Ligand SMILES: Cc1cc2nc3c(=O)[nH]c(=O)nc-3n(C[C@H](O)[C@H](O)[C@H](O)COP(=O)(O)O)c2cc1C
C-alpha cells in the first residue's frame, strides 16, 4: 500500500464514523488519502476529524474557486490509484448508476477514469428495495467493485443485509484491487444475505491437565474459507480449534478446544444456509481424563479411547440441516474412493478431498478434488486462499441452483 493514493468519497450514512478507522488504517499502511465529503456526510462526521486523520484538507464543494484553481475536480478524480466510496449511500449508488452529477462527489465519480470500489451501507429495506437492486445490478454490470454489505444488526434496530463491511474487510478489498485482483470485488456478493458456518483447525482432547491428543492442522484452509465467504457478502460464524492464526476480518469467530465443544458451538450457530466442516476433528478422546498430571512410573499408562461425536454427520442429519453441507476428507490413500464413501456415509452434499501424504497440513498450498453425487473435479495445486475463493464461488453457485429448483 506504500505510496498508493486513495480518493475516498464519504457518503451521508450513520456508518460514516467507521470510515475514520479505515482512514487511520490506510495511513498506517502508508497510503495517502484524499477525502471528499458529501453535504450529508458532514452531518455524521466532522470535516476536522477526516482532515486530521487523513493529513489532507477535505474536498466538499464543486464550485470552490480555491480548490478549482489548485487541483480542479477533474484532476482530483483522476489523481488517484483507486476511488473508494464508503459508506456508499443508497443515494450515491443511485446517482452513480444513473450518471447524475449535481455535487462534487457524484461529479468526480462520473469523471474518474480509475476503478471505483463501493462499500454500501443502508437500512435493509433500502438495500432490498427493487430500485436499489436494479441500481446495484447495473453498477456491477458496469464494472463497479463492491465490498459488502454484510448481514447483521443495524444501527436502526432492524436485522438484515445492508451493514457496512468492517474497516479491515474494506482494507483487504482495497489491497486485493491494488494488487490487480478484482475477482472478489467484481463477482462478490454472491453470498450476500446468506449465513455460513465454517469449522477450522484441529481439536485437542485432554489426557491430563497438561497433555492432549491433537493433530497438525494449521487452520489455514478453514480460516481462508471463512474469510472468502465473508468477502462474498455472507454472515460467517467460524468455529475454530486452537490455531496460531488471527481471527479473519468480518467473521464472528468462536474459539473451542475439544470436538464436543466444537459440535456445541456449531449447533448454536445454526440455522445456516451452508456448513463447511474444514476442521481436523479428533475421532477419539480419552475416556477418563486424569485430574492430575500423569506421573512416570514403572508402567506406561494405557489410554482407553472413546469415539467423539461426528460433527459432519450430526449436522447433515440435524432437523435444521443447512441446505449445503460440505465436508473435507484428508486422506493418505485411495483419495477419491474414500471421499465418495464419506459423502454417502455422512449424508453431505460436497466433499473437498485432499491427499495429505505430501505434507499439505500447515503448508500454504493445497490440491483438492471436489466430489459430489454428480461427479468429481480436480483443481490444480494453488494457494489455500485461492482454493478458498474458488470453493466459495463454486458453493455459491450450487446454493443458487438449489434455491432456483
Ligand atoms: C440518521 C440518519 C441516518 C442515515 N443513514 C443512512 C444510511 O446508512 N445509508 C443511506 O443510504 N442513507 C442514510 N441516510 C439518508 C441519507 O443521509 C440521505 O439519503 C442523504 O441525502 C444522502 O446523501 P449523500 O448520498 O449525498 O451522502 C440517513 C439519514 C439520517 C437522517
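Residue numbers (my numbering): 442 to 846. Note that CB positions come from ideal geometry on N, CA and C, so glycine has one too. Bear in mind that the values here come from a model prediction, so they are computed numbers and not experimental data.
* Inter-residue Cα distance where the pair is residue 818 and residue 810 -> Cα-Cα distance, rounded: 5 Å.
* Measure the C-alpha to C-alpha separation of residue 787 and residue 753 and round it to an integer number of angstroms. => 7 Å
* **Residues sharing a beta bridge with residue 767, DSSP** => 717, 791
* Asked: For residue 521, which of 529, 512, 528 has the nearest alpha-carbon?
  -> 512
* Asked: What distance in whole Å lies between the Cβ atoms of residue 545 and residue 502, which are believed to be in contact at a cut-off of 8 Å?
  -> 6 Å
* What are the start and end residues of the alpha helix (DSSP H) that includes residue 563? -> Per DSSP, residue 563 belongs to no alpha helix (DSSP H) and is neither H nor E.
* Who are the Cβ neighbours of residue 693 in its own chain at under 6 Å, not counting the five residues just before and after it? -> 678
* Asked: Exposed or buried, residue 790, counting other C-beta atoms within 10 Å across all chains shown (16 or more means buried)?
  -> Its Cβ being crowded by 16 or more others within 10 Å, residue 790 is buried.
* **Those residues which DSSP pairs with residue 478 across a bridge** => 451
* Quick one: using the 10 Å Cβ neighbour count with 16 as the cut-off for buried, is residue 575 buried or exposed? => exposed
* Taking only heavy atoms of ligand 1 into account, decide whether any of them is closer than 8 Å to the Cβ of residue 548. => no
* Whole-angstrom distance between residue 773 and residue 465, CA atom to CA atom -> 47 Å
* **residue 703 beta carbon less than 9 Å from that of residue 766** => no
* Does the region 636-644 touch the region 708-722, meaning 3 or more C-beta pairs lie closer than 8 Å? -> The region 708-722, when compared against the region 636-644, does touch it at the 8 Å Cβ threshold.
* Does any heavy atom of ligand 1 sit closer than 8 Å to the C-beta of residue 575? -> no
* To do: Please report the residue range of the beta strand (DSSP E) in which residue 678 lies.
  => First-last of the beta strand (DSSP E) with residue 678: 676-681.
* Give the secondary structure of residue 387 by DSSP, where H, G and I count as helix, E and B as strand, and everything else as coil. => This structure does not reach residue 387, given that the chain is present from 442 up to 846, and the question cannot be answered.
* To do: Using only the heavy atoms of ligand 1, determine whether one of them is closer than 8 Å to the beta carbon of residue 480.
  => yes
* Asked: Whole alpha helix (DSSP H) runs in the region 608-681 with 4 or more residues, listed along the chain?
  -> 608-619, 624-628, 661-672
* To do: Identify which residue in 771, 826, 805 has its Cα closest to the Cα of residue 812.
  => If we check each option's Cα against that of residue 812, 771 comes out closest.
* Taking 8 Å as the line, does the beta carbon of residue 591 fall inside it for any heavy atom of ligand 2? -> Among the ligands modelled here, namely ligand 1, ligand 2 does not occur.
* Taking Cβ positions, are residue 475 and residue 447 nearer each other than 9 Å? -> yes
* To do: Confirm the yes/no value for this check: CB of residue 570, any heavy atom of ligand 1, distance under 8 Å.
  => Every heavy atom of ligand 1 is 8 Å or more from the Cβ of residue 570, so no.
* Flag residue 607 as yes when its Cβ comes closer than 8 Å to any non-hydrogen atom of ligand 1, and as no otherwise. => Checking every heavy atom of ligand 1 against the Cβ of residue 607, none is found closer than 8 Å.
* **Distance, residue 523 Cα to residue 646 Cα** => 48 Å
* Asked: Tell me which same chain residues have a C-beta within less than 8 Å of the C-beta of residue 485, skipping the five on either side of it?
  -> 453, 454, 455, 457, 458
* residue 605, DSSP secondary structure in three states -> coil
* Asked: In whole angstroms, what separates the C-alpha of residue 829 from that of residue 536?
  -> Residue 829 and residue 536: Cα-Cα distance of roughly 34 Å.
* Asked: Between residue 544 and ligand 1, is the CB less than 8 Å from at least one heavy atom?
  -> yes
* Asked: Within the present structure, is the beta-carbon of residue 533 separated from the nearest heavy atom of ligand 1 by less than 8 Å?
  -> yes
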